[in-house]
Amino acid sequence: MTIREVARTAGVSPATVSRVLNTSETVSPDLKERVLAAVRALGYRPNSQARSLRTRATTVLGVIISDITNPFFTAMVRGVEDVASAAGYSVVLANADEDLRKEQRYLEVAAAEQMAGVLLSPASATETSIDVLAERGIPVVTIDRRLKTADVDWVMVDNHRAAKEATLHLVEQGCRRIGFIAGRLGTTTGAGRLAGYRAGLRAAGLPSARELVVSGEFRIDGGREATERLLALPGRPDGLFVSNNLMTIGAVDALDTAGVRFPDDIALVGFDDMMPALSLRSQITAVSQPTYEIGRQATELLLRRVSGEPFPERHITLNAELKVRESSIRT
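Residue numbering for the sequence shown follows full-length UniProt numbering, beginning at 1 and increasing consecutively.
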């Protein structure tokens, strides 16, 4: 008998069963009763040997990120390592590459190796499953992105607010037709930035034209191709908001190739203030995220869970800052 079978009988997720069995305060009385009824009906007994293994779990934290080539994650992992090392833990890094199958494989490895805890940047808000960890009582904290399939702690920035502010900045520079290069909309980060862009347009009384939103999938090539599509429109954008750093690199390359100057021909704003490849071309206006702080706070939260400290589910939202530079300023 496994937690998964109890979850199926109770009509809840394995993570919910795990929280009930560990007397978490975050489960509603109704769900708790359903789980306990299923436990009684099935005659489920916690595996004492598995629990003993958990108490002797390795002092290793798993960090599963979505794209190791993105400097955002490099800075964030530094925050993870500093906190983990100070607490006597080691860190193992895995790159899921925005691939659900690779991500699931790494989650299964983390479970098989009985890692103490896992920090996860999920490839999808709705398709990523952490059941394999929940069944073994391994705590998870998501970073940069949220999960809609499990109730876990998370740390991220206010993407909606930051994207709205960036859009309004372009409006203040006189832009009236603002293109938006979106990331993966199956992630809460990608969807939140698109929603913030649209909120900015509404606040400025500008229409949200469907043809001005093009997906770049959070990739350099995607940013380049999306920019080329926007430049080919009959009514070319006079402003461009690119919703991550890798896509901004691709966008700048496409603008250079087309002979489009910024900010004169098009005002440009990016998301993530870590673009060394662009530093010699122009100073790019960008939303700056507290990347180190995301890693630091997420790891502190995870270690509290690893220690067994009981506390309600935590959601930490940090502020991002728009750093205005020459790529968007029109005199």
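Backbone N, C-alpha and C define an ideal beta-carbon position, used for all residues, glycine too. Keep in mind the model is a prediction, meaning the values are calculated, not measured.
Residue interval of the alpha helix (DSSP H) (run including residue i)
i           : result
Glu225      : 220–231
Leu120      : Premise fails: Leu120 lies in the beta strand (DSSP E), 117–120, not in any alpha helix (DSSP H).
Ala15       : 14–21
residue 337 : Past the edges of the chain, shown from 1 to 331, lies residue 337, and the structure says nothing about it.
Residues bridged to residue i [DSSP beta-bridge criterion]
i      : result
Gly270 : Ala286
Asn95  : Ile65
Thr142 : Leu120, Trp154
His169 : Per DSSP, none; premise fails for His169.
Glu309 : DSSP, once it has assigned bridges, lists no residue as partnering Glu309.
Ala251 : Its beta-bridge partners do not exist; DSSP assigns none.
Thr317 : Met156
Val60  : Ser90
Residue environment, residue i, which counts as buried when at least 16 other CB atoms sit within 10 Å
i           : result
Arg202      : exposed
Arg40       : exposed
Arg210      : exposed
Arg19       : buried
Ile130      : buried
Val17       : buried
Arg101      : exposed
Ser28       : exposed
Ser30       : For clarity, residue 30 is Asp in the given sequence; the question names Ser instead. So Asp30 counts as exposed.
Asn319      : exposed
Glu309      : exposed
Glu33       : exposed
Ile68       : exposed
Asp256      : exposed
Thr317      : exposed
Asp264      : exposed
residue 339 : There is simply no residue 339 to check, as the chain begins at 1 and stops at 331 in what is shown.
Arg296      : buried
Ser85       : exposed
Pro234      : exposed
Ala232      : exposed
Thr126      : exposed
Per-residue DSSP class, three states only, for residue i
i      : result
Ile130 : coil
Tyr90  : Per the sequence presented here, residue 90 reads as Ser, with Tyr not at that position. The answer is strand: DSSP assigns Ser90 an E or B state.
Val39  : helix
Phe73  : helix
Leu201 : helix
Ala125 : coil
Thr257 : helix
Val27  : coil
Ala111 : helix
Ala84  : helix
Leu147 : coil
Ala209 : coil
Leu185 : coil
Gln49  : Its pLDDT being 45, under 50, Gln49 is placed unreliably by the model, and the measurement read from it follows with that caveat. Helix.
Gly235 : coil
Host beta strand (DSSP E) of residue i (start-end)
i      : result
Glu321 : 321–323
Val214 : 213–215
Ile178 : 178–182
Gly239 : 239–242
Is the region 85–97 touching the region 311–330 in the sense that three or more CB pairs, one from each, lie closer than 8 Å?
-> no
Check whether the region 142–152 touches the region 207–226, taking contact to mean three or more Cβ pairs, one atom from each stretch, closer than 8 Å.
-> no
Are there three or more Cβ pairs, one per stretch, closer than 8 Å when the region 119–136 is compared with the region 222–236?
-> no
Three or more C-beta pairs closer than 8 Å, one from the region 147–157 and one from the region 78–93: is that the case here?
-> no
Counting Cβ pairs, one atom from each stretch, are 3 or more of them under 8 Å apart for the region 294–305 and the region 246–260?
-> no
Stretch-stretch touch, CB-based, cutoff 8 Å, three pairs: the region 230–242 with the region 180–193 = yes
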